[in-house]
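In what follows, a single structure is set out as structure tokens and then discussed.
4 protein chains.
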Amino acid sequence: MIKVGVVGGTGYTGVELLRLLAAHPESELTVITSRSEAGLPVADMFPNLRGHLDIAFSVPDIEQLSACDLVFFATPNGTAMTMVPQLLEAGVRVIDLAADFRLQQVDEWQQWYGMEHACPEYLQQAVYGLPEINRALIAQAALVANPGCYPTAVQLGFLPLLEEGLVESGHLIADAKSGVSGAGRKATTGTLLCEASENFKAYAVPGHRHLPEIRQGLQLAAGHAIGLTFVPHLTPMIRGIHATLYAQLLDADRDLQALYEARYGDEPFVDVLPAGSHPETRSVRGANHCRIAIHRPQQGDTVVVLSVIDNLVKGAAGQALQNMNVMFGLDEDSGLSNVALLP
Amino acid sequence: MIKVGVVGGTGYTGVELLRLLAAHPESELTVITSRSEAGLPVADMFPNLRGHLDIAFSVPDIEQLSACDLVFFATPNGTAMTMVPQLLEAGVRVIDLAADFRLQQVDEWQQWYGMEHACPEYLQQAVYGLPEINRALIAQAALVANPGCYPTAVQLGFLPLLEEGLVESGHLIADAKSGVSGAGRKATTGTLLCEASENFKAYAVPGHRHLPEIRQGLQLAAGHAIGLTFVPHLTPMIRGIHATLYAQLLDADRDLQALYEARYGDEPFVDVLPAGSHPETRSVRGANHCRIAIHRPQQGDTVVVLSVIDNLVKGAAGQALQNMNVMFGLDEDSGLSNVALLP
Amino acid sequence: MIKVGVVGGTGYTGVELLRLLAAHPESELTVITSRSEAGLPVADMFPNLRGHLDIAFSVPDIEQLSACDLVFFATPNGTAMTMVPQLLEAGVRVIDLAADFRLQQVDEWQQWYGMEHACPEYLQQAVYGLPEINRALIAQAALVANPGCYPTAVQLGFLPLLEEGLVESGHLIADAKSGVSGAGRKATTGTLLCEASENFKAYAVPGHRHLPEIRQGLQLAAGHAIGLTFVPHLTPMIRGIHATLYAQLLDADRDLQALYEARYGDEPFVDVLPAGSHPETRSVRGANHCRIAIHRPQQGDTVVVLSVIDNLVKGAAGQALQNMNVMFGLDEDSGLSNVALLP
Amino acid sequence: MIKVGVVGGTGYTGVELLRLLAAHPESELTVITSRSEAGLPVADMFPNLRGHLDIAFSVPDIEQLSACDLVFFATPNGTAMTMVPQLLEAGVRVIDLAADFRLQQVDEWQQWYGMEHACPEYLQQAVYGLPEINRALIAQAALVANPGCYPTAVQLGFLPLLEEGLVESGHLIADAKSGVSGAGRKATTGTLLCEASENFKAYAVPGHRHLPEIRQGLQLAAGHAIGLTFVPHLTPMIRGIHATLYAQLLDADRDLQALYEARYGDEPFVDVLPAGSHPETRSVRGANHCRIAIHRPQQGDTVVVLSVIDNLVKGAAGQALQNMNVMFGLDEDSGLSNVALLP
């Protein structure tokens, strides 16, 4: 049994991680920390866990966490970087579900996250935890930077096109729509039911923190600089991301459906739908899959890729568990084989 | 492995049963029938099942079904009764998720369901599938009538009070609220998103088919006739039932919290919350639990019981699987141990 | 033109009041105050008001407010009572949309609202602003206590029965369901979309502040003490209250439909639906009507009354405007004749 | 008073038209037809109209309709074209809210709508009812083709750029999101609450009927052929369209904010938001406004235009009323000055 610790865990990413860990057959949650909720049984905060998880929040303690094989950080940005070096030195492996180690360039990180990075020397060593790209590196990694939700949906949608150099990469467009849980469990006016329900809007059009993360991944896939316009939207639902991706084809003769099916044929969690499909976010609700469809409307030179995930699963906690499975040599879908909840 | 057949399965009860069966370790789905969808792979209709269930709908065929150990009927009312006698004769055990065998009195059944019963002689032999009452009978049953969604939530909430004779049983009130999936997957104007969303209403106040079913169960528990006012409401959400139950206490000194905890202490799927709690429907979303809280506002003589279930799980498919587990001597929570999806 | 001031106005009650005032032909909004938002144009906070209302929030100032004919308080409980005496002395009439003047007994008020009342001598002088009871008094009032949302729906539903002494008044039950806007615009975890959507729960079952307000009103109508169990529920929608009321009939022969139609026949905003109806909250969305239906299920001795309002209109801002119309001798439906938004 | 007839009126476009007509001071609804609902009082179908509209559906009758000054068709596609010639001959003016007269080329119409056009000779004579382009023509028109919902939002967003030739017009992208009411009130599985709620998906990516309509309008504005990729999405809410538009700038120095403010400065129903804004669909819920914001993320050469409308108002019934006002020389905002319902 892998001894697991969770730092944070009072947010949506945290409770989702707990839901998945409760069903994971080869790990054991030994500690979960929350400074503000220390002493509170986890199931008192999240009643869905009653009868499944008999553990209370405790004050974060490096010594206690050092007894774990793996520690997940489900904390706000800027927390993991203050504790990770000590844990790594203690031989603990770490998966950070926040953004502290997602960008390789410290100046870019500091610009977008508006703070100084506490341990910039770890940025290059951290492995970006998108198994569909970095599986081998993840298996060996001490520190995994779990990807953001938008970046997961967008990168999986664009990758085959960029890896093959099939599109004009200077003007990629990612029009992404997210459920409200992507904004977290913190009480803010904008995410109240009465503000976000029966409403639809774009936000952060001038610039969103996931833009540099997506761009970094796409550039690695393309092998050169790319141009990306990324527009996120808030959608009146709890879970789900739908990325609608646009690019201009350089080669009109390539069979894109076959390309995607080949690229993802062995991937346990990427499902390329039959030609002509329209994936629904609910088809992955609570599940770790990314479902993708490829279109060329009116057989023109614009390719449209539709990519859906559950932002809390493949976009956060599920992908973290997938990374754990890879890191510890388990079946990659261990604890992740549940069927999406529909309706 | 238990060989399982499903008749019907294109509705919400059906897809939920398929979701649960896909994760059930000791059964094997060998046939699923739908006259209208024969030939269609199940996962083409319900994309959440892609990769989990590789079977297509077939035309209902008694011979094929007779090779099963157990057949579930997830059909509209009035279908199961036309096939059940043949299956029982063939030695197949049956769980009907519809209402064909829920009432013991044929005249009452015919009055409320507006049709003639095709095999009234089976009404007395069918076992009402509420394990919290009939566990021993279910274990031996050839034919189980799976309870309705409202009846499950309301009976589990009232049972301890009536079994102990603690309330004035002539004026029980059950004010129940259901998500829209209780109305099924049939296209009707009233259940369109634009009609049922951002809206709340009572319906069927003059009389709902679940009234006689609830009354029958409560009378058996009480040992005498009872009076019940049952008002169902349509709630703008997909899943969940919240029953708010009112009764006048005859004995003001009894510790109701202790009573409920004792009554349900050994029940794997009934969770009595701590005193003062307010159960939320989302705490059981996708899970087979019923969570209950008991209140006596201002220490008066009115008891208020709050009881929540997921109408598609404990109120339908989950309870059916629980009954299967009981019938075949499996662990009662086999395939039913998943954590509710929250948020 | 009536010169109107609004104190508060950054919450849902406030923006609804502004929406209605913008369309009111015989009043003029001359000042709107908010300490926290002073200087901000109202339409910058509420973009629906762009082009309709060209005024900015200002710091509350008694002198400025004293130049108004009428001041509305759309503030949290406990604010109006600190300013009302000065305004009344200055000859300004006041409608308080909060609870400061709703209860006649100061000790009861202080018990339920958990603070000392700043001007208890005004409690008896304030007129409870339910025009269906107090129209004549409201017309003359200097200070009107605008009723709460639940109290409006529940009282209008019960009044005819209690005024005529037709029910056993010791065990009245009000099972009420509210949209989330009733909780206000303050950022709290419980009213986040991800907490309140796809969820249903009761709250405050041990005791809600609207209980004493409802009880006070019903006792005045009945002419004697009554017993009431009031259970509010949070419903996953923005607007609307549905009250389901239960009582035991003392006189089974009375024509209740005729009684209600007679009682409310001249009321511009109470609509008694035809026998057998089920009112929907959306039928009053954005409108000032209360729609009511009366049932006697199975012709038993339990009467069920269904009463719906928009909690922000008839339950708050619309009723306040109705009171203003009554106070200033205008047509009672001036500015309130809009059709509910459906769908 | 303008004598108005409505053909159809049992759908969402119809009830919205009735809501607006009920408040319109200079028109009188004299007949409303529905073959299926003949005899039914309108307010029995739509309870929000109780007390506002005392008229019943009648069987469509050309003679009766010929007594009107204006007839609105709120019918499915293909109905208006069978009656319009007779009405026009009788001197009645017509506004068709369906698509029968929106395309100028009959072959294109027949291809996209899959039926033969009953009166192709009227296609060229019909005026496309987008007042922001065709105000003068509409004023004189006998037959107005009221634009589709997506075409209104997309055209108003793109027009200034195309009229000025500022963007590469061969690869325009319109990523549009619509509330479910755009699909109408017909009972279909895909628009059930349990299918469309808590879900997001694209649809009709290979080709949607609004594509040729948008393309025709944009080409007229540009003065030459354009290339457009149009991807509509179904959003889990009742009302609202959000169009996110992408184009590559040819001229990076032009002040786009000033351009839009100048283009729409005199338009009563197009509101250009301050630079940096993100319009919300709820800011126009129930109102006839289109609100627009213009962005150039990271000062690159991609322009992003955000355009929101209420699909049932500016996207259908409200625009129809606006057209009526223009046709009959009334104030253009007569009956359309209500404030959007927020929250």
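Residue numbers (the working numbering), protein chains in the order written: chain Z, 6 to 348; chain R, 6 to 348; chain B, 6 to 348; chain F, 6 to 348. We treat Cβ as the ideally placed atom computed from N, Cα and C, and that holds for glycine. The structure presented is a predicted model; accordingly, all values stated were derived computationally and were not measured.
TODO: Report yes if the CB atom of Gly-222 (chain F) is closer than 8 angstroms to the CB atom of Pro-156 (chain F), and no otherwise.
DONE: yes
Task: DSSP beta-bridge partners of Gly-13 (chain Z) - done: Z:Ala-79
Open item on the list: Measuring alpha carbon to alpha carbon, tell me which residue in B:His-247, B:Val-20 and B:Ala-147 is nearest Gln-160 (chain B).
Closed with: B:His-247
- [ ] Determine whether the Cβ of Phe-163 (chain Z) lies closer than 8 angstroms to any Cβ atom of chain F.
- [x] Cβ-Cβ to chain F under 8 angstroms: no for Phe-163 (chain Z).
- [ ] Name the two residues that bound the continuous alpha helix (DSSP H) containing Asp-276 (chain R).
- [x] Where Asp-276 (chain R) is concerned, there is no enclosing alpha helix (DSSP H), although the beta strand (DSSP E) it sits in stretches over 275 to 277.
Task: Cβ-based burial, Val-20 (chain R) [other Cβ within 10 Å; buried from 16] - done: buried
Open item on the list: Which complete alpha helix (DSSP H) runs does the segment 50 to 78 of chain B hold, if anything under 4 residues is left out?
Closed with: 67 to 71
- [ ] Could you confirm whether any beta carbon from chain F is found closer than 8 angstroms to the beta carbon of Phe-51 (chain B)?
- [x] yes
Task: Contact set for Arg-220 (chain Z): own chain, Cβ-Cβ below 7 angstroms, skip 5 residues either direction - done: Ile-231 and Leu-233
Open item on the list: My output table needs one value for Phe-333 (chain Z): the three-state DSSP class, helix, strand or coil.
Closed with: coil
Open item on the list: Tell me which residues share the same chain as Gln-109 (chain B) and place their Cβ nearer than 8 angstroms to its Cβ, disregarding the 5 neighbours each side in the sequence.
Closed with: Closer than 8 angstroms at Cβ, skipping near neighbours: Leu-128, Gln-129 and Gln-221.
TODO: May I ask you to report which of helix, strand or coil DSSP gives Gln-130 (chain R)?
DONE: coil
Task: Three-state secondary structure assigned by DSSP to Glu-266 (chain B) - done: helix
Open item on the list: Count Cβ pairs between the segment 198 to 207 of chain B and the segment 273 to 285 of chain B that sit closer than 8 angstroms; are there 3 or more?
Closed with: no
Task: Opening and closing residue of the beta strand (DSSP E) in which Phe-235 (chain Z) lies - done: 233 to 239
Open item on the list: Looking at the secondary structure, which residues open and close the alpha helix (DSSP H) in which His-215 (chain B) lies?
Closed with: Where His-215 (chain B) is concerned, the enclosing alpha helix (DSSP H) starts and stops at 215 to 227.
Task: Euclidean distance between Cα positions of Pro-52 (chain Z) and Val-308 (chain Z) - done: Rounded to whole angstroms, Pro-52 (chain Z) to Val-308 (chain Z) spans 45 angstroms at the Cα level.
Open item on the list: Quick check on Ile-67 (chain F): buried or exposed, where buried means 16 or more other Cβ atoms within 10 Å of its Cβ?
Closed with: exposed
TODO: Output, in chain order, the set of chain Z residues within a Cβ distance shorter than 9 angstroms of Arg-287 (chain B).
DONE: Chain Z residues near Arg-287 (chain B): none, gap ~12 angstroms exceeds 9 angstroms.
TODO: Can you pull the chain B residues whose beta carbon is under 7 angstroms from the beta carbon of Ser-202 (chain Z), in chain order?
DONE: Leu-198, Ser-202 and Ile-243
Open item on the list: So, does the segment 146 to 156 of chain F touch the segment 309 to 326 of chain F, judging by three or more C-beta pairs under 8 angstroms?
Closed with: yes
TODO: Please state whether DSSP places Lys-191 (chain R) in a helix, a strand or coil.
DONE: coil
Open item on the list: Just verifying my parser: in three-state terms, what is the DSSP assignment at Glu-285 (chain B)?
Closed with: strand
Open item on the list: Leu-102 (chain Z) and Ala-79 (chain Z) - do their beta-carbons sit closer together than 8 angstroms?
Closed with: yes
TODO: Measure the CB-CB distance between Thr-84 (chain F) and Val-64 (chain F) and report whether it falls below 8 angstroms.
DONE: no
Task: Beta-carbon neighbours of Tyr-17 (chain F), restricted to chain R and to distances below 8 angstroms - done: Correct list: Cys-199.
- [ ] Measure the C-alpha to C-alpha separation of Gln-324 (chain B) and Ala-181 (chain R) and round it to an integer number of angstroms.
- [x] 30 angstroms
- [ ] Answer with yes or no whether the minimum CB distance from Gly-291 (chain F) to chain B is below 8 angstroms.
- [x] It does; some Cβ of chain B falls within 8 angstroms.
Task: Residue span of the alpha helix (DSSP H) that contains Cys-154 (chain R), given as start and end - done: 154 to 168
- [ ] Closer than 8 angstroms by beta-carbon distance: list the chain F residues that pair up with Gly-10 (chain Z), in chain order.
- [x] Under the 8 angstroms cutoff, chain F gives no residues; its nearest Cβ is about 32 angstroms from Gly-10 (chain Z).
Open item on the list: Checking the sheet assignment: what are the DSSP bridge partners for Val-149 (chain B)?
Closed with: B:Ile-100 and B:Val-132
Task: Amino acids of chain R, ordered along the chain, whose beta-carbon sits closer than 9 angstroms to that of Arg-190 (chain F) - done: What Arg-190 (chain F) touches in chain R: Thr-194, Leu-197, Cys-199 and Glu-200.
- [ ] Label Glu-203 (chain Z) either buried or exposed according to how many other C-beta atoms from any shown protein chain fall within 10 Å of its C-beta, with 16 as the threshold for buried.
- [x] So Glu-203 (chain Z) counts as buried.
- [ ] Identify the continuous alpha helix (DSSP H) that holds Cys-350 (chain B) and give its terminal residues.
- [x] Look at the range of chain B in this structure, 6 to 348, and you will see that residue 350 (chain B) is not part of it.
Task: Separation of Leu-346 (chain Z) from Gly-291 (chain Z), as counted between CA atoms - done: 6 angstroms
Open item on the list: Taking the beta carbon of Pro-349 (chain R) as the centre, do at least 16 other beta carbons fall within 10 Å, making it buried, or is it exposed?
Closed with: In the structure displayed, chain R extends from 6 to 348; residue 349 (chain R) sits before or after that span and is not available.
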